[in-house]
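Counting from 1191, one number per residue, gives the positions in the sequence shown under the numbering used here.
Quick notes on the structure that follows.
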Amino acid sequence: MLSTIAVSEDVKRELHKLKIEEGFRSFNELIKKLIVEYKKIRFMEASKLFRERLKEKKLRLEDIL
């Protein structure tokens, strides 16, 4: 099932530009990739925070496993 989303002309233009530059066949593929990349960034941020907290407590990952 397909849905329609409303975006500004500027966002539409940027998405179209990315689609062409990155070689995606559809906006759906592009948006899926953007979501995956966003999730990776969030995971890496959480991982960094976790490592910092371990370091603050003078712990290593091995200490809690």
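We treat Cβ as the ideally placed atom computed from N, Cα and C, and that holds for glycine.
Residue 1192: not part of any alpha helix (DSSP H); DSSP gives it neither H nor E. DSSP places residue 1237 in the uninterrupted alpha helix (DSSP H) bounded by 1217 to 1246. Residue range 1251 to 1254 is occupied by the alpha helix (DSSP H) that includes residue 1251. Residue 1244 sits away from residue 1231, with the two beta carbons spaced by 9 Å or more.
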